[in-house]
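Notes follow once the structure below has been shown.
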Amino acid sequence: MSTEETKQQPNLEERIYVGNVDYAANEQELKEFFEGLKVVEVDIPSRVYTRNKKQVEKHLGFAFVQFEGKAEAEKAIETFNGKEFKGRNIYVKRALPVPTPEEKQKKVEAFKAKRAEKLSQAKATKAKKQPKQTPKKTAKNGSSAETSTKKSESESTEDKSSSEEPKAKIPEGKPSTDTIFITNLDYKVDVKTLNGIFKEYNPKWIHVPTKRVPFHILKRQRKKGRTVFNKGIAFIKFPSEEVQKKAIAEFNGKELNGRQIIVDIAVDARNSKEDGEGDSGEDAEEKPAELSNGKSSEKSEDKSSSEEKKE
């Protein structure tokens with residue numbers, strides 16, 4: 001095995017992943033941050049792109065640190081996870097093998113296939129639940145035949161509506177020119193986390209829909225400072241289409257809190273509503289509920305549940 005191949009396959013037990021790293025940080029600063037530990041190498045991945053006919057190198061906001069031994073790496077995770085580095089709270093964990101482009105593509109395809117399968121299953125379940133009616137015998141005066149015909153017509157209408165219902169879950173609308181849709185998001189990620197990651201792109205607002213819970217439980221959780229988990233999705237609006245496309249190009253397939261996120265263009269569906277955690281940014285008044293991910297929308301029960309309790 002050559003020296004080059006050895007570098008490409010480091011000992012993962014001695015290697016850590018550092019997330020939420022300041023974009024301006026360099027290897028030496030990060031090495032000094034882990035003072036007291038035997039650091040062998042610091043690697044901050046970057047991407048080169050062209051801006052105004054000039055090539056610009058930009059760090060990606062995370063890093064890998066190689067130590068002399070497994071014990072040193074474990075100590076780094078235990079000591080430095082959550083610590084502040086250059087004004088940001090970093091998160092430190094054990095490094096994972098770098099996925100190949102083929103593996104990344106397989107994950108994306110598997111996710112899309114699973115979503116399509118769920119939609120197909122929902123359609124099949126809905127069709128099975130439709131009640132079957134036994135046709136009546138035709139009377140001599142033809143009255144029963146008329147009734148049977150009416151029933152068959154109503155059945156066909158119901159079948160059409162049931163088959164169309166799953167299709168209605170896919171929103172009708174135009175692809176947004178300034179908003180992205182994120183899936184496979186870690187359930188503990190909130191607006192603050194995403195705002196820190198996408199800060200360089202100046203997001204106008206960020207919307208992280210939370211899981212549906214009764215209003216009184218939600219109120220109690222927030223009062224006690226407990227985390228309200230999200231639905232695994234988020235919407236982020238940017239100042240322009242150019243910024244939107246740059247964000248998709250940079251963050252699609254990136255790892256966030258141990259999950260490979262999928263970033264795509266959001267669909268502007270004016271009739272769908274999402275109940276969520278909140279907005280952040282300049283345009284907090286705008287409702288991100290107008291954007292949809294292609295799944296059925298959920299209506300908020302906050303007001304109705306509280307009114308029922310009073311009654």
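Position one of the sequence shown corresponds to residue 1 (full-length UniProt numbering), numbered consecutively onward. No residue lacks a Cβ here, since even glycine has one placed at the ideal position from N, Cα and C.
When burial is assigned at 16 or more other CB atoms within 10 Å of the CB, is N26 buried or exposed?
exposed
Is it buried or exposed for Q121, if we count other Cβ within 10 angstroms and need 16 for buried?
Here Q121 is exposed, its C-beta having fewer than 16 other C-beta atoms within 10 Å.
Close Cβ partners of S46 (< 8 Å) along its chain, the five nearest in sequence each way excluded:
E57, K58, H59, L60
Cα-Cα separation, P97 to A63
14 Å
I'd like the ranges of any alpha helix (DSSP H) spanning at least 4 consecutive residues and lying wholly in the region 229 to 269.
Here the runs fully enclosed are 241 to 251.
Taking Cβ positions, are N184 and G19 nearer each other than 9 Å?
no
Determine the direct distance from the alpha carbon of Q28 to that of T79, and round the result to whole angstroms.
19 Å
Use the C-beta contact count for K118: other C-beta atoms within 10 angstroms, 16 or more gives buried, fewer gives exposed.
exposed
Contact with chain C by F251, beta-carbon distance below 9 Å:
Reference to chain C is not applicable here, since this structure consists of a single protein chain.
Would you identify the three-state DSSP class for K174, choosing helix, strand or coil?
strand
Across which residues does DSSP place Q221 in a beta bridge pair?
Note: Q221 sits in no beta bridge, so no partner.
Which residues in the same chain as residue 380 place their Cβ atom closer than 8 Å to its Cβ, once the five residues preceding and following it in sequence are excluded?
Since the displayed the chain opens at 1 and closes at 311, residue 380 lies outside it and no answer follows.
Continuous beta strand (DSSP E) stretch holding R212: start and end:
That residue, R212, is in no beta strand (DSSP E); it is neither H nor E in DSSP.
Reduced DSSP category for I16 - H, G, I as helix; E, B as strand; rest coil
strand
On the premise that Y201 lies in contact with F235, defined as a C-beta separation below 8 Å, what is that separation, rounded to the nearest angstrom?
Not really, about 14 Å apart at Cβ, beyond 8 Å.
Once the 5 residues before and after E241 are set aside, which same chain residues still bring their CB inside 7 Å of it?
T177, D178
Sorted by chain position, which residues of the same chain lie with C-beta nearer than 6 Å to D43's C-beta, five sequence neighbours on each side aside?
F64
DSSP beta-bridge partners for N89?
E84
Using a 10 Å radius around the Cβ and a threshold of 16 neighbouring Cβ atoms, would you call K192 buried or exposed?
So K192 counts as exposed.
Where do the ends of the beta strand (DSSP E) carrying E41 lie?
39 to 43
Who are the near neighbours of E164 in its chain, counting only those whose CB is closer than 7 Å to its CB and skipping five residues on each side?
Note that E164 has pLDDT 47, beneath the 50 cutoff, so the model's placement of it is unreliable and the number below is only indicative. Excluding sequence neighbours, E164 sits near nothing in its chain.
Given V213 as reference, the closest of F85, N230, K174, E250 once Cα atoms are compared:
N230
Please name the residue, chosen from H207, A247, A127, I90, that lies closest to Y17 on a Cα-to-Cα basis.
The shortest CA-to-CA distance from Y17 to any of H207, A247, A127, I90 is the one to I90.
Segment limits, beta strand (DSSP E) that includes R47
46 to 51
Considering only residues of the same chain and omitting the five flanking positions on each side of P175, which have a CB-CB separation below 8 Å?
I265, A266, V267, D268
Please determine, among F33, F215, I197, the residue with the shortest C-alpha to C-alpha distance to K86.
F33
Please classify H207: is it buried, with 16 or more other beta-carbons within 10 angstroms of its beta-carbon, or exposed?
buried
Looking at the structure shown, is N11 part of a helix, part of a strand, or coil, going by DSSP?
coil
What do you reckon, are the CB atoms on Q66 and E41 nearer than 9 Å?
yes
Neighbour-count burial assignment, E13, 16 or more Cβ in a 10 Å radius:
Residue environment: E13 is assigned as exposed (fewer than 16 neighbouring CB atoms within 10 Å of its CB, all protein chains considered).
Beta-carbon proximity check, G225 vs Y187, cutoff 9 Å:
no
CB-CB length for A76 against L30, believed under 8 Å:
Contact doesn't hold; Cβ gap of about 11 Å is too wide.
Skipping 5 residues on each side, what residues in its chain have a beta carbon closer than 8 Å to that of R15?
F64, V65, Q66, F67, A73, R94, A95
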